Amino acid sequence: MSSRGVRHDSMRARNLAVVLDAIHRTGPHTRAALAERTGLTKTTVSSLVADLLEAGVVSEGGAVRGGERGRPGVAVSLSGRRVATLGLEVNIDYLAACVVDLTRAVRLRRTRPADNRNSDPAEVLGLLRDLARETTDAAAADGLRVMGAALAVPGTVEDGVLRSAPHLGWRDVRVAGLAGDLPLAVDNEANLAALGELWFGSREADFLYVSGEIGIGAGLVVGGALFRGTYGLAGELGHVVVVPDGPACRCGGRGCLEVYAGQDALLGPLKSVTELVERLEAGEPRALEACARAGDALGVALTSAVHLLDPGRIVLGGVYAPLFPWLGGPVTDGLGARLAPMRGTPPPLVVSGIGADAAVLGAAGLVIQRVLADPAQTLGL
1 MSSRGVRHDS MRARNLAVVL DAIHRTGPHT RAALAERTGL TKTTVSSLVA DLLEAGVVSE
61 GGAVRGGERG RPGVAVSLSG RRVATLGLEV NIDYLAACVV DLTRAVRLRR TRPADNRNSD
121 PAEVLGLLRD LARETTDAAA ADGLRVMGAA LAVPGTVEDG VLRSAPHLGW RDVRVAGLAG
181 DLPLAVDNEA NLAALGELWF GSREADFLYV SGEIGIGAGL VVGGALFRGT YGLAGELGHV
241 VVVPDGPACR CGGRGCLEVY AGQDALLGPL KSVTELVERL EAGEPRALEA CARAGDALGV
301 ALTSAVHLLD PGRIVLGGVY APLFPWLGGP VTDGLGARLA PMRGTPPPLV VSGIGADAAV
361 LGAAGLVIQR VLADPAQTLG L
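Taking full-length UniProt numbering, the leading residue of the sequence shown gets 1, the next gets one more, and so forth.
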């Protein structure tokens, strides 16, 4: 191909992304309005819209006022009819998959209870591969074309390799090929849960998301983007020390937040969060004491986070979402008492709008963002 052809293809790919971004962010628009908004010619916009229509990314229908005087034009909007993405999650006690279309509507959701502590990666990933295949087959039967997948894991990730997931007992696990021929991204559960909250939940631009599971992670969203840190390891809130001479933690330290406010600490001898909620609703003293202790420890850790990061709000997710009626008060009280001397009112503390689904939705949403950012590459246009 000549250099002129390469330049033309590159420009076309960029223009496809510009038009699709305008439809996504501020649409629906007529073709005339898209030309005015993007600065492209009407002929170019019409050609690009035709390609996006053919790919099933957008649809036309309904009358809206365009960028010109006269009769209303036909609206071009994102379509959820044909193109979708796959979100996957490996957690300590379950596997999950979901299919989300380009309008961010959840089309399918599958969950499999499992005990993945100190498990065989090959066995667990085999079960997840079966779940992914089952879910994509169901999506295809519904007329959806799944364009890519992302996986949320409870551990640190580098270059597509799960470097360490202590609760799973996994180290240096490569997950390539998990989703068959689909492109697969892998990221930390708390990071993807924060993005899930951004795209599917509160949609606030600045917040600290706290993921309460057996481990405790956090994701910081600033200006609508995830802050990952220099090595992608930002957000290890569970290993912030809240009691310097406290009990030993699995990380080798002592008195970490996870020891006091992780799922195991909250449940004690109980089998599930559902059982804990039932006992809390009944006013059982031991259950109430466990939540008060966890809330106080969270307040200590989050006080340091607020001093360091100054988030617009704090969102509690994971198992903290169903426990929020009992955790929220102790956390808020602890934050207020410790922050009052320096900054007065603490940032608002809110419950996640999507609860336990945050990470798997964030995984699917990550692929949606990639489709929107580069439709030519991801859709083969």
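We put the CB at the ideal spot given by N, CA and C, even for glycine. Since the model is a prediction, treat every value here as computed from it, not as a measurement.
> Closest to V243 by CA distance: which of A297, S202, F207 is it?
Replying inline: With distances taken between Cα atoms, V243 lies closest to A297.
> Candidates Y94, L125, A194: which alpha carbon is nearest R174's?
Replying inline: Here the closest residue by C-alpha is L125.
> At what residue ranges does the stretch 154-230 contain a whole run of the alpha helix (DSSP H), taking only runs of 4 or more?
Replying inline: If you keep only unbroken alpha helix (DSSP H) runs of at least 4 residues inside the stretch 154-230, you get 189-200.
>> Since L178 and W170 should fall inside the 8 Å C-beta cutoff, what is the C-beta to C-beta distance between them, to a whole number of angstroms?
In response: Actually they do not touch by this definition, with Cβ atoms about 14 Å apart.
> In angstroms, rounded to a whole number, what distance separates the CA positions of S3 and Q377?
Replying inline: Because S3 sits at a pLDDT of 38, beneath the cut-off of 50, its placement in the model cannot be relied upon, and the following sentence gives the value as read from the coordinates. C-alpha of S3 to C-alpha of Q377: approximately 19 Å in a straight line.
>> Going by DSSP in three states, A363 sits in which element: helix, strand or coil?
In response: Here A363 sits in helix by DSSP.
> Do you know offhand how far L20's Cα is from M147's?
Replying inline: Approximately 16 Å between the Cα atoms of the pair.
> Could you give the distance in angstroms between the alpha-carbon of P154 and the alpha-carbon of A356?
Replying inline: Answer to the nearest angstrom: the Cα atoms are 13 Å apart.
> For the putative contact between L349 and G334, defined by C-beta atoms under 8 Å, what is the C-beta separation to the nearest angstrom?
Replying inline: The pair is not a contact, with the Cβ atoms about 10 Å apart (cut-off 8 Å).
> Is the Cβ-Cβ distance between V186 and D206 less than 8 Å?
Replying inline: With contacts defined by Cβ atoms closer than 8 Å, V186 and D206 do not form a contacting pair.
>> On the criterion of 16 or more Cβ atoms from any shown chain inside 10 Å, does S10 qualify as buried, or is it exposed?
In response: It is exposed - the Cβ of S10 has fewer than 16 other Cβ atoms within 10 Å.
>> I believe G246 touches G255 by the beta-carbon criterion, under 8 Å. Please report the beta-carbon distance rounded to the nearest angstrom.
In response: The Cβ separation is near 3 Å, so the contact holds.
> Per DSSP, S59 forms a beta bridge with which residues?
Replying inline: In the DSSP output, where bridge partners are listed per residue, S59 has S77.
> Any idea what DSSP makes of D120, helix, strand or coil?
Replying inline: In the three-state reduction of the DSSP assignment, D120 falls in the coil class, being assigned neither a helical nor a strand state.
> What residues in its chain sit with their C-beta under 7 Å from that of R250, if we drop five residues either side in the sequence?
Replying inline: In chain order, P166 place their CB closer than 7 Å to the CB of R250, counting only its own chain and leaving out the 5 sequence neighbours on each side.
> Applying the criterion that 16 or more other CB atoms from any shown protein chain within 10 Å of the CB defines a buried residue, is E278 buried or exposed?
Replying inline: E278 is exposed by the Cβ-count criterion.
>> Can you find the residues in the same chain that come closer than 7 Å, C-beta to C-beta, to residue 386, ignoring five residues on each side of it along the sequence?
In response: Limits of the chain in this structure are 1 at one end and 381 at the other, which puts residue 386 out of reach.
>> By alpha-carbon positions, which one of G299, E158, I23, A364 ends up nearest to A340?
In response: Residue G299 is the option with its Cα nearest to A340.
> Cα separation between G27 and V371?
Replying inline: Near 17 Å, if we compare the C-alpha coordinates of V371 and G27.
>> Only counting the same chain, and skipping five residues up and downstream in sequence, which positions put a Cβ closer than 7 Å to that of E258?
In response: Same-chain partners within the cutoff: G215, I216, G238, H239, C249.
> Counting pairs of Cβ atoms below 8 Å between the stretch 43-62 and the stretch 317-324, do you hit three or more?
Replying inline: The stretch 43-62 is not in contact with the stretch 317-324.
> Per DSSP, which one or two residues make a beta bridge with P113?
Replying inline: In the DSSP output, where bridge partners are listed per residue, P113 has Y94.
> Taking one C-beta from the stretch 114-123 and one from the stretch 269-289 each time, how about it: are there three or more such pairs within less than 8 Å?
Replying inline: Remark: fewer than three beta-carbon pairs, one from each stretch, lie closer than 8 Å, so the stretch 114-123 and the stretch 269-289 are not flagged as touching.
> Where does I354 fall in DSSP's three states?
Replying inline: The answer is coil: DSSP assigns I354 none of H, G, I, E or B.
> Beta carbon of V83, beta carbon of L108: below 8 Å?
Replying inline: Not a contact, by the Cβ cut-off of 8 Å.
>> Can you tell me whether A292 is helix, strand or coil according to DSSP?
In response: In this structure, A292 counts as helix in the three-state DSSP scheme.
>> I need the DSSP call for T43, collapsed to helix, strand or coil.
In response: T43 falls in the helix class under three-state DSSP.
> Quick one: what's R254 bridged to in DSSP?
Replying inline: Partner(s): A248.
> So V315 is in the beta strand (DSSP E); what residue range does that whole segment cover?
Replying inline: 314-318 is the span of the beta strand (DSSP E), which, as asked, contains V315.
> For A364, which of R14, E89, T38, E60 has the nearest alpha-carbon?
Replying inline: Looking at the Cα atoms, E89 is the closest of the given residues.
> Which residues does DSSP pair with G336 in a beta bridge?
Replying inline: DSSP lists no partner for G336.
> In whole angstroms, what is the alpha-carbon distance linking A152 and A132?
Replying inline: Spanning the two alpha carbons is a distance of roughly 13 Å.
> Considering only the beta carbon of each residue, do A193 and G87 sit closer than 8 Å?
Replying inline: Taking 8 Å as the Cβ cut-off, A193 and G87 do not qualify as a contacting pair.
> By the 10 Å Cβ neighbour count, where 16 or more other Cβ atoms means buried, how is G143 classified, buried or exposed?
Replying inline: Under this definition G143 is an exposed residue.
>> Excluding the 5 residues flanking residue 385 on each side, which residues of the same chain have their C-beta closer than 7 Å to its C-beta?
In response: Here the chain has residues from 1 to 381 only, and residue 385 is not among them.
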